[in-house]
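Here is the structure we will look at, set down as structure tokens.
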Amino acid sequence: MTGGAGYVGSHAAFALLDAGYRVVVVDDLSTGHREAVPADAVFVRADVGDRNAVAEVLRGLDVSAVMHFAGSIVVPESVEKPLDYYANNTMNSMALVRTCIEGGVKAFLFSSTAAVYGAPDRVPIDETMPTKPVNPYGASKLMTERMLADASAAHGLRYACLRYFNVAGADPAGRAGQSSRVATHLIKIACQTALGLRPRMSVFGDDYPTPDGTCIRDYIHVTDLVAAHEQTLTHLLGGADSFIANCGYGKGYSVKQIIETMEKVLGRPLPVDIAGRRAGDPPELVADSTLLRKTVGWAPKHDDLEQIIRNALDWEESLIRSGRLVPAE
Ligand code: UFG
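Oh and the sequence shown: position 234 is 223 in my numbering, straight run, nothing missing.
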């Protein structure tokens, strides 16, 4: 897999090893952490766009399937540095897909995003709805989806694009979690505020056309997301057709509801202020995940906001205890 030193990738590495797979992680550690990679995985420090390095891994370790988690994921950064996003998420993915086809890889799983839909007209969002990204991040991922479709038609690569909604939480066993250097995600920021690492946090906009005026998202536990990857892998390696599917629970929570749930888990209020809207935030993103459920038999096991928040909080606490904490910026 690529990006196995990152948030979702490190969880997937543990889960696949638990399931008895051999795992090789290719990661350049530009945003990931070496210590996030399980000891039982082979680790190769390389850029996924480095065709020689990746070809050597595929040949040397007889790789049958690739999960491509590596990528740049910060939406506002993609607006400031669009070409970096196309270089990393689109061009490096192109190099990787080419290397995989030449290397005889049988199945390719791509980490796509709800950002490909832009600001949809209605929710829940199903896969037939138009893809109209409103930022370079979403566009860079959508281009890779298109490239995979064309490459698959021409060269027979079986692939799946999994469109993640808001991934959150951490491994309930405490082996992995979200360790990014610059926290931007709501639940991570709420955890850091709860633990006193930030003096306060802000709600970005309370004048959206939603019941309480704050944005609504579909938060999916990272462990359920990883289970979707495992089932997709089995499905593709079994000879099934390529597909594109949303990964979310189909339930929306507002920013205020997330903060209230955090306060309930903590048993005390959080220092919160109301700030202006953040650029590029769609009011509401909720997945229709019927296709994923039907196609690979996915059935979430951690669809519980309190558990998501508790697991995220436990991970953040473990970062403090172990001294691995990356200071908030
Ligand atoms: N938010 C706050 N305060 C904060 C941080 C976030 O109010 O301190 C709000 C945001 O404005 C947004 C919601 O909380 O309304 C969720 O924000 P996140 O940054 O946690 O997540 P996003 O929905 O912006 O991003 C996610 C994925 C992206 C993906 C995007 C699709 O992380 O990879 O959904 O729109 F592109």
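Glycine included, every Cβ here is placed at the ideal spot set by N, Cα and C.
Keep in mind the model is a prediction, meaning the values are calculated, not measured.
Contacts around residue i, its chain only, beta-carbon distance under 8 Å, and the 5 residues preceding and following it disregarded
i      : result
MET136 : THR79, SER82, MET83 and VAL86
ALA268 : PRO65 and VAL68
LEU184 : LEU302, GLU305, GLU306 and ILE309
VAL94  : LEU47, VAL52, SER53, ALA54, VAL55 and LEU146
GLY163 : ASP303, TRP304 and SER307
Residue from the options whose Cα sits closest to the Cα of residue i
i       : options                           : result
ARG171  : THR(-9), GLY(-5) and MET(-10)     : With the sequence shown as reference, residue 171 is identified as Val, and Arg is not the correct amino acid for it. Cα-wise, what sits closest to VAL171 is GLY(-5).
GLY(-2) : ALA8, ARG11, VAL15 and GLY9       : VAL15
ARG266  : ASP73, PRO109 and PRO198          : PRO198
PRO260  : ILE247, ALA179 and VAL244         : ALA179
GLU249  : THR284, LEU274, LEU175 and ARG313 : LEU175
PRO71   : TYR126, ILE297 and THR133         : TYR126
ALA229  : ASN235, CYS236 and THR221         : THR221
ALA30   : ARG40, ASP262, SER169 and ASP7    : ASP7
CYS89   : LEU50, LYS177, SER311 and TYR242  : LEU50
ILE233  : ARG23, ARG152, GLY158 and PRO258  : ARG152
ASP39   : HIS218, ASP17, THR279 and PHE32   : ASP17
GLU24   : ASN77, PHE3, ILE205 and PRO109    : PHE3
ALA108  : ALA128, ARG313 and ASP270         : ASP270
CYS150  : GLN181, PRO161 and SER100         : SER100
Residue range of the beta strand (DSSP E) that includes residue i
i      : result
LEU151 : 147 to 153
MET56  : 54 to 57
ASP36  : Segment: none, ASP36 is in no beta strand (DSSP E) and carries neither H nor E.
ILE209 : 208 to 210
ILE114 : Here ILE114 belongs to no beta strand (DSSP E), and DSSP marks it neither H nor E.
VAL171 : Note, VAL171: premise wrong, no beta strand (DSSP E); not H, not E.
Cβ neighbours of residue i in the same chain (closer than 7 Å, five flanking residues each side left out)
i      : result
LEU131 : VAL105, THR120 and PRO122
ALA264 : SER191, VAL192 and PHE193
ILE298 : ILE176, THR250, MET251 and VAL254
ALA140 : VAL86, ILE90 and LEU146
Unbroken alpha helix (DSSP H) run spanning residue i, endpoints
i      : result
SER82  : 81 to 91
MET251 : 244 to 255
ASN300 : 294 to 311
ALA179 : 175 to 183
Any non-hydrogen atom of the ligand ZN within 6 Å of residue i CB
i      : result
ARG111 : For the ligand ZN, the structure offers nothing, since it holds only the ligand UFG.
Beta-carbon contacts of residue i that lie in its chain and below 6 Å, excluding the five residues immediately before and after
i      : result
ALA59  : THR(-9), GLY(-8) and VAL37
ALA96  : ALA54, ARG147, LEU225 and LEU226
THR285 : Inspection of the sequence shows that residue 285 is occupied by Val rather than by Thr. Excluding sequence neighbours, VAL285 sits near GLN220, THR221 and HIS224.
VAL275 : VAL112, PRO113, ASP207 and GLY241
SER22  : Here residue 22 turns out to be His, not Ser, going by the sequence shown. The residues are ALA(-6) and SER168.
ARG313 : none
LEU5   : VAL12
query: Can you find at least 3 beta carbon pairs, one from the region 283 to 297 and one from the region 212 to 231, that sit closer than 8 Å?
result: yes
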